[in-house]
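Undergrad: Have a look at this one before I ask anything.
Number of protein chains: 2
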Amino acid sequence: MTNPATIPDSHRNLLEGPVFAVLTTLMPDYQPQSSVVWADFDGEYVLINTAKGRTKERNMAQRPKVSVLALDTNQPYRWIEVRGEVVEITEEGGVEHIDKLARMYTGQPGYYGYVAPAAQREKETRVICKIKPTRVIAFGA
Amino acid sequence: MTNPATIPDSHRNLLEGPVFAVLTTLMPDYQPQSSVVWADFDGEYVLINTAKGRTKERNMAQRPKVSVLALDTNQPYRWIEVRGEVVEITEEGGVEHIDKLARMYTGQPGYYGYVAPAAQREKETRVICKIKPTRVIAFGA
Numbered sequence: 001m002t003n004p005a006t007i008p009d010s011h012r013n014l015l016e017g018p019v020f021a022v023l024t025t026l027m028p029d030y031q032p033q034s035s036v037v038w039a040d041f042d043g044e045y046v047l048i049n050t051a052k053g054r055t056k057e058r059n060m061a062q063r064p065k066v067s068v069l070a071l072d073t074n075q076p077y078r079w080i081e082v083r084g085e086v087v088e089i090t091e092e093g094g095v096e097h098i099d100k101l102a103r104m105y106t107g108q109p110g111y112y113g114y115v116a117p118a119a120q121r122e123k124e125t126r127v128i129c130k131i132k133p134t135r136v137i138a139f140g141a
Numbered sequence: 142m143t144n145p146a147t148i149p150d151s152h153r154n155l156l157e158g159p160v161f162a163v164l165t166t167l168m169p170d171y172q173p174q175s176s177v178v179w180a181d182f183d184g185e186y187v188l189i190n191t192a193k194g195r196t197k198e199r200n201m202a203q204r205p206k207v208s209v210l211a212l213d214t215n216q217p218y219r220w221i222e223v224r225g226e227v228v229e230i231t232e233e234g235g236v237e238h239i240d241k242l243a244r245m246y247t248g249q250p251g252y253y254g255y256v257a258p259a260a261q262r263e264k265e266t267r268v269i270c271k272i273k274p275t276r277v278i279a280f281g282a
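Going down the list, the protein sequences come from chains S and B. Numbering-wise (our numbering), the first sequence opens with residue 1 and increments by one. Numbering-wise (our numbering), the second sequence opens with residue 142 and increments by one.
Structure representation (structure tokens):
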């Protein structure tokens, strides 16, 4: 029997970018809150990079249940939903990781000074949010 | 002051289709559950069409808080998030509405017999879910 939390090989590329994903977190009153994010997958966890203190980060720190839906913009009927739980939010490697994502998604050599103003680097703390999949649904071939 | 639940004219077209939207509902344990849907907007409510008894429909009937994120697949940095509450789920006009959406999204003359097998019409009850926006965030120009 297939593990319902396994990312199928057919759709793994949707989580390894550069595919846009919709991350949904929970507000304090359990109102779902969604935003478009860059996504990454390390073979075990879906990785989202954000800045400490943002709404989504505060939500994930308090209420770890999230969903990530990655959509192939060239084939919108091909998508993968990962329901999961945030098991760790870490500053370690946060800046290197946003640089890696920026290269992957935009072709720019780094994040600060290209995607975001260079001065923003001093003002924010980048964190990697590690999401453990608990239920995966793949749609389309 | 702008009403935080108003759909700005700049992004209204994202909810009037044919733009793919991600609908997030809440499972019984408040786990977010997301799927790609066709969306519509009547000037007051965001309208989602689904079939009675499906996971998303059961969730919306029990826990009305949802989010809808509509993404311009040609400009992925232009999107709108609508947080809201499902105020009504009605069978009235459900089949006509899914036919309208099918024409808009696929160019097919109707839903059954084109998008879904004709026999499915007898097996399912289409419903329109009316979502009242409570918080709207528009991103990109």
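Cβ atoms here follow ideal geometry from the backbone N, Cα and C, with glycine treated the same way. In this text the structure is predicted, and so the values were computed from the model without any measurement.
How is T147 (chain B) classed by DSSP in three states: helix, strand or coil?
TA: coil
Undergrad: Going by DSSP, what residues sit across from L47 (chain S) in a beta bridge?
TA: S:D40, S:K130
Undergrad: Within this structure, are the beta carbons of R126 (chain S) and V95 (chain S) separated by less than 9 Å?
TA: yes
Undergrad: Listed in chain order, which residues of the segment 190-208 of chain B have Cβ atoms closer than 9 Å to some Cβ of chain S?
TA: R204, K206, V207, S208
Undergrad: Check each residue of the segment 78-103 of chain S: if its Cβ is closer than 8 Å to any Cβ of chain B, include it; give the result in chain order.
TA: W79, E81, R83
Undergrad: Using only alpha-carbon positions, find the residue among B:N154, B:W220, B:P159 that is nearest to Y246 (chain B).
TA: B:P159
Undergrad: Which residues mark the beginning and the end of the beta strand (DSSP E) in which V82 (chain S) is found?
TA: 79-90
Undergrad: Of all the options B:A279, B:E233, B:E198, which has the alpha carbon lying nearest to the alpha carbon of E226 (chain B)?
TA: B:E198
Undergrad: Quick one: what's got a C-beta closer than 7 Å to I269 (chain B)'s C-beta in the same chain, skipping five residues either side?
TA: L188, N190, T231, G234, G235, H238
Undergrad: Enumerate in chain order the residues of its own chain whose CB-to-CB distance from V37 (chain S) is below 6 Å, with the five nearest sequence positions on each side excluded.
TA: If we look at V37 (chain S) and ignore the five residues flanking it on each side, its Cβ neighbours are A21, L23, I48.
Undergrad: Just how far apart, CA to CA, sit R219 (chain B) and A282 (chain B)?
TA: 7 Å
Undergrad: Taking Cβ-Cβ distances shorter than 7 Å, what residues in chain B pair up with T73 (chain S)?
TA: T214, P217
Undergrad: Just the C-alpha distance for K241 (chain B) and F280 (chain B), rounded to the nearest angstrom, thanks.
TA: Our two residues, K241 (chain B) and F280 (chain B), have alpha carbons roughly 28 Å apart in a direct line.
Undergrad: Assuming the contact rule is C-beta atoms closer than 8 Å, T25 (chain S) and V66 (chain S) should be a hit. Round their C-beta distance to whole Å, please.
TA: 5 Å
Undergrad: How is K52 (chain S) classed by DSSP in three states: helix, strand or coil?
TA: coil
Undergrad: Please report the Cβ distance between I148 (chain B) and F182 (chain B), rounded to the nearest whole angstrom; I am assuming they are in contact, meaning their Cβ atoms lie under 8 Å.
TA: 7 Å
Undergrad: Report the option in S:R83, S:T55, S:L71 whose CA atom is closest to the CA atom of P4 (chain S).
TA: Nearest option by C-alpha distance: S:R83.
Undergrad: Indicate whether at least one CB of chain S lies closer than 9 Å to the CB of L188 (chain B).
TA: no
Undergrad: Using a Cβ-Cβ cut-off of 9 Å, state whether F41 (chain S) counts as contacting chain B.
TA: no
Undergrad: Going by DSSP, what residues sit across from R244 (chain B) in a beta bridge?
TA: Per DSSP, none; premise fails for R244 (chain B).
Undergrad: Give the interface partners of L26 (chain S) over in chain B, defined as CB-CB distance under 7 Å, in chain order.
TA: Y171, P173
Undergrad: Helix, strand or coil: which one does DSSP assign to V19 (chain S)?
TA: coil
Undergrad: For P28 (chain S), which option in S:E16, S:A70, S:Q62, S:P117 has the closest C-alpha, if you only look at C-alpha atoms?
TA: S:Q62
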